[in-house]
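Worksheet: one structure, shown below.
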Amino acid sequence: MTNDDLQFTDDRPIKMQQNDLLDRAGFSQRLALAISSWKNQESLVISLTGAWGSGKTSIKNMALDHLAATEGSQVIEFNPWQWAGQDSLSSAFFAEISRAIQRKDPTDDDKQLAKVLRSYSRRLNTGASLADGTAKLLPLLFASTLATSLLGTMAQGTVAQVTWLAVTAVSALGGLALLLKRGGSWLSKWAKNLDEDAKDNALTLSQLRAELQELLSKRDKPLLIVLDDLDRLSAEQMKAIFQLVKAHMDFANVVFLLLFQRDTIEQGLRKVGFEGADYLEKIIQVPFSVPAIASSQLEAILFKRLDAILTREQQLQQRFEKDYWSQMFQRGMRPFFSNLRHIYRYASTLDFHCRLLRGTEVAEVNAVDLFALECLRVFAPETYA
């Protein structure tokens, strides 16, 4: 790679412990140990909360890396944000868990557990599909009936009544055609679910839950269900996912790991009629916060990247005033850098603009001024403008 090669920094969450720059691997390992040691007749609900860019997903990834290395639990990651457009979040949730359980060398118990989960998913989805389909199609029938009724009240005389009867027939047929067209899909899906339910010996929902409980109780290792990006959901979807977890906290040997920004979730729950903090307290048994990042650690990473830029940009380095830089950073720039994502965003675009402003013999800008202006442009664009 030459000095002129420009590569923007990838600020995606890290996957493995060896990529840890903030000494959080120990926290992640202890979290993994707590998860793998859980064996109880009820679920354990753990939350990991932190602000945007604080490293929640990176910590989760390192914990999962440790669990994979020690075979401490079976991990299922379910991102509800990817399923937010589905008619039934709960059915998608259990169907996805069922598929995941069978992916790697499933035992007979795993296969049976996956089968029961599919049945449970279908049972949850059948009622939702029927209610949703009915709600969508009733307005069509209502509109058709209303239109023909209004025409009927206006009809006067024999010819008009004959005309009204004709219109009524056409309207009814048109409504029926539209009903069949739009209803065919969900009716077919509903019928398929009912057929599958019949194959499962028409067990009641409580019987399916009892069978799930028995199968889960036999497991030697807990089932870890990870729900990330919860703060991306709409308020209604937040309500749905937390109600889903709350309704299944009695399942044995199951650990839920929920990742979110707490204030965002609390605000969303308040919008749908819950007292956010109190509602979370009823669900979450073990709350964790992302460990605070020492400012010295962040500054060391930032300064290393800035040094690399100055090494490539000799013209800027020649005019770099250290005392001026120290005052500028301490008094103005420091508060803008509170996590690694801030550093990555800033360093990538700064590197680009340093190359853009190269002169033929001398730099066309003071390096410290450029560093400060780029900080404003990235983090305070209105002030910059």
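Position in the sequence shown counted from 1, then plus 3, gives you our numbering.
All C-beta atoms, glycine included, are put in the ideal place defined by N, C-alpha and C.
If you're wondering where the values come from, they're calculated on a predicted model, not measured in any experiment.
For residue i, count neighbouring C-beta atoms within 10 Å of its own C-beta (all shown protein chains included) and say buried if the count is 16 or more, exposed if not.
i, result
"E367", "exposed"
"G29", "exposed"
"Q21", "exposed"
"D234", "buried"
"Y387", "exposed"
"G335", "exposed"
"A295", "exposed"
"R27", "buried"
"A201", "At A201 the pLDDT is 49, less than 50, meaning the model places this residue with poor confidence; the figure from the coordinates comes in the next sentence. It counts as exposed."
"R1", "Examination of residue 1 is not possible in this model, given that the chain is present from 4 through 388 alone."
"Q318", "buried"
"S40", "exposed"
"S209", "exposed"
"A117", "buried"
"Q321", "exposed"
"D68", "buried"
"K114", "exposed"
"Q240", "buried"
"L197", "A caution first: L197 carries a pLDDT of 49, below 50, which makes its placement in the model unreliable, though a value can still be read off. Exposed."
Rounding to the nearest angstrom, what Cα-Cα distance links residue i and residue j in this structure?
i, j, result
"L92", "L215", "19 angstroms"
"D373", "G56", "Residue identity differs from the one stated: residue 373 is Leu in this sequence, not Asp. L373 and G56: Cα-Cα distance of roughly 25 angstroms."
"A213", "G279", "31 angstroms"
"Q333", "L353", "19 angstroms"
"A250", "A71", "28 angstroms"
"I228", "F263", "15 angstroms"
"A370", "V381", "17 angstroms"
"F277", "Y327", "52 angstroms"
"E377", "A35", "40 angstroms"
"E284", "R126", "29 angstroms"
"L305", "I346", "6 angstroms"
"S46", "P384", "46 angstroms"
"V275", "L236", "13 angstroms"
"F254", "M331", "56 angstroms"
"S299", "S329", "15 angstroms"
"F323", "K42", "60 angstroms"
"R348", "I62", "20 angstroms"
"V289", "S50", "6 angstroms"
"F259", "A297", "29 angstroms"
"A54", "P338", "15 angstroms"
"R102", "Q32", "27 angstroms"
"R15", "N64", "11 angstroms"
"Q390", "L301", "Outside the displayed span of the chain (4 to 388) sits residue 390, for which this structure offers no information."
"V248", "R344", "30 angstroms"
"K307", "D23", "16 angstroms"
"I287", "A375", "43 angstroms"
"T110", "M252", "25 angstroms"
Candidates the options: which alpha carbon is nearest residue i's?
i, options, result
"F96", "E302, Q246 and S298", "Q246"
"I268", "K242, F259, A255 and L260", "K242"
"D112", "E217, A297 and T314", "E217"
"L309", "I79, S351, K285 and L25", "S351"
"T207", "R348, V119, L313 and W41", "V119"
"G271", "I244, N256, I62 and L260", "I244"
"W84", "A238, K18, T52 and Q210", "A238"
"L25", "A303, L116, T73 and V257", "A303"
"R315", "R358, R15, M65 and V258", "R358"
"A66", "Q105, Q44 and K18", "K18"
"R265", "R33, K59, N82 and R15", "K59"
"L313", "R273, Q44 and H356", "H356"
"I396", "M252, Y282, D281 and L226", "For residue 396 there is no data in the structure shown, the boundaries of the chain being 4 and 388."
Pop quiz: residue i and residue j are said to be a contact at Cβ under 8 angstroms. What is the actual Cβ separation, rounded to whole angstroms?
i, j, result
"K224", "G75", "7 angstroms"
"D231", "E99", "In fact, because the Cβ distance is near 13 angstroms, the residues do not count as touching under 8 angstroms."
"V78", "L261", "The Cβ separation is near 14 angstroms, so there is no contact."
"T52", "S292", "6 angstroms"
"L219", "N256", "5 angstroms"
According to DSSP, which residues form a beta bridge with residue i?
i, result
"T207", "Bridge partners of T207: none, in fact."
"P290", "S50"
"F81", "L230"
"V257", "L226"
"F263", "T52"
Taking 7 angstroms as the CB-CB limit, is residue i close to chain B?
i, result
"R126", "Judged by its chain identifiers, the structure shown contains no chain B, having just a single protein chain."
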